[in-house]
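Colleague: First, the structure itself, so that you have it in front of you.
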Amino acid sequence: MPLPEHISAANAGQIREELLAVINRGAWTVIVDMTTTISCDHAGMDAVVRACQRAVLSGAELRLVVAARTAWRRLSLSGLDGLVSIYPSLAAAVAAGPPDGTAVPPAAQAHRSLELLDTVVTSLFHVGLSLHVAMDLPPDAARERIAAAIGYLDETIREVRDNAFTARGHQTAPRTPPRDDTA
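Take any residue in the sequence shown, note its place counting from 1, add 30, and you have its number in the working numbering.
Rendered as structure tokens:
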């Protein structure tokens, strides 16, 4: 599915709906061609992240094809580069072949999703309490509490990523640096 040159609030909703529709129809692999995409704002990233979430929950594989350095950087900053396979060309994404075919039964998928949701909610609650307490602490102690909360969030994100990839039965594609398209 090719995406436009510029993804912004003006077209992100439509892109999100198109990606979700493909995943909802039962696609096992969705290749999102962003080779011509040179800019992608927050709304655009949100559309891609939502498609990624739906793919993980559906047991589908989302592959992004990204050539422009700016789009690659935005994906990296959002953390999405650790959740989906990113390829430097459409040929590489297609050549990766079909997913391994180990389908997860819907009941097991639902159970795994609920466990993951519980992990995330518990983590956010814990971090929220830590940050709330930090507001009333002296600056040095507050800094320590905030650092610990960030560490806890990082660990939760690692656990969610590990869980998502274990459920999908594969690892991310090797991270190949994008081509430098600045002259």
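The beta-carbon is built from N, C-alpha and C at its ideal position, and this holds for glycine as well.
Owing to the predicted nature of the structure, the values given are computational and were not obtained by experimental measurement.
Cα-Cα, which of Ala42, Leu87, Thr65 and Arg93 is closest to Asp76?
Modeller: When only C-alpha atoms are compared, the closest one is Ala42.
Colleague: Would you kindly report the start and end of the unbroken alpha helix (DSSP H) that includes Ile53?
Modeller: Unbroken alpha helix (DSSP H) run through Ile53: Ala39 to Asn54.
Colleague: Tell me the rounded alpha-carbon separation between Ile45 and Leu33.
Modeller: Each residue's Cα considered, the two are about 8 Å apart.
Colleague: State the DSSP-derived secondary structure class of Glu91, mapped to helix, strand or coil.
Modeller: Correct three-state label for Glu91: strand.
Colleague: Have a look at Thr65 and Ala97 and give me their C-alpha separation to the nearest angstrom.
Modeller: If I take the Cα positions, the gap works out to 5 Å.
Colleague: Can you name, in chain order, every residue of its own chain whose Cβ lies under 6 Å from the Cβ of Asp63, other than the five neighbours on each side?
Modeller: Excluding positions up to five away in sequence, the list reads Pro32, Val95 and Leu120.
Colleague: Do you know whose CA, among Arg175, Ser69, Asn54 and Asp184, lies nearest Arg80's CA?
Modeller: The option with the nearest alpha carbon to Arg80 is Asn54.
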